[in-house]
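95 is the number of the first residue of the sequence shown in this note's numbering; add one for each residue after it.
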Amino acid sequence: MDKRKESIIKMRLGRSRRIDVTWMPVLIVVLMIAAASSASSGDWVGHGGHWYKTVEAPGGISWPDAQTAAHAAGGYLVSITSADENTFVYNLAQTDSVLWSAASWIGPWIGAYQDKTAPDYSEPAGGWRWDSGDPWDWATGYANWYPSLPNNGDDNWPEEDFACFFLGTSYWVDLGPAAGHPAPYGYIIEANTLPVETGTISGHVSPVG
Ligand SMILES: [Ca+2]
Ligand SMILES: [Ca+2]
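Take a look at the structure:
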């Protein structure tokens, strides 16, 4: 090959390499988004006429941030208003080990929170509400707190105003927004109708009356 041809080819290769390099950041971002979305949430699964899905947050997520994400996804943080629904939601969460922290003894967030402006607010048991707006009737409604909870924390973790699952059980634990509290590694979304999104849906499931 004569020198001139060789240098033209080298120049073209160099140019094409430069073009590849300019696209690399875009490619990396696309790959990161694809990896994050494929690993971060389960499929929507129907039960009792509603739809549910788990979402992973391996770095930890606050309840308000989980709430914002749930609303953006077309639903709300799960409201658990019967033993049947609790069993279903717990079993769904159990399918994803990322949602559970052995170190902190906690599982994913659910939609229960304390409304400090509510007329019945008091610590530790007053003013609890569901993100969905479903009524919370402390006297006669369903709740599945771990025995002696909610307790609004202790000296280590004071001020606990949100709820998540207790590790490896279907019991609920009140957990804080306060500094130093562990952050659950995920949350569960419920929706009244199947949200329109780009995620996949389990083919064999549908809402059950
Ligand atoms: Ca519900
Ligand atoms: Ca509290």
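Idealized CB from N, CA, C, for every residue including glycine.
Fair warning: this is a prediction, and the values are worked out from it, not measured in the lab.
Mind checking whether residue i and residue j have CB atoms under 7 Å apart?
{"i": "Q253", "j": "Y146", "result": "It should be noted that the sequence gives Glu, not Gln, for residue 253. No; because the gap between Cβ atoms is not below 7 Å, this pair is not in contact."}
{"i": "P244", "j": "P218", "result": "yes"}
Give every residue of the same chain whose Cβ lies closer than 6 Å to the Cβ of residue i, excluding the five residues on either side of it in the sequence, and list them in chain order.
{"i": "S176", "result": "Y236"}
According to DSSP, which residues form a beta bridge with residue i?
{"i": "A140", "result": "According to the sequence as given, residue 140 is Gly; it is not Ala. In DSSP, G140 forms a bridge with W145."}
{"i": "S135", "result": "V149"}
Within the present structure, is the beta-carbon of residue i separated from the nearest heavy atom of ligand 1 by less than 6 Å?
{"i": "E284", "result": "yes"}
{"i": "S198", "result": "no"}
{"i": "S264", "result": "no"}
{"i": "S176", "result": "no"}
{"i": "S173", "result": "yes"}
Which residues in the same chain have their Cβ closer than 8 Å to the Cβ of residue i, if we skip the five residues on either side of it in sequence?
{"i": "A212", "result": "G220, G221, R223"}
When you measure from the CB of residue i to every non-hydrogen atom of ligand 2, does any distance come out below 6 Å?
{"i": "Q208", "result": "yes"}
{"i": "N246", "result": "yes"}
{"i": "P218", "result": "yes"}
What residues in its chain sit with their C-beta under 7 Å from that of residue i, if we drop five residues either side in the sequence?
{"i": "T148", "result": "S135, G136, L186, A187, D190, L193, P202, G280, I282"}
What's the gap between the Cα of residue i and the Cα of residue j?
{"i": "V267", "j": "N238", "result": "9 Å"}
{"i": "G205", "j": "H275", "result": "18 Å"}
{"i": "T181", "j": "D255", "result": "23 Å"}
{"i": "I200", "j": "D225", "result": "20 Å"}
{"i": "L261", "j": "A196", "result": "7 Å"}
For residue i, verify whether its CB is less than 6 Å away from any heavy atom of ligand 3.
{"i": "E254", "result": "With respect to ligand 3, the structure shown offers nothing to examine, as its ligands consist of ligand 1 and ligand 2."}
Residue i CB to nearest chain D CB: under 7 Å?
{"i": "W203", "result": "In the structure shown, chain D cannot be found, because there is only a single protein chain."}
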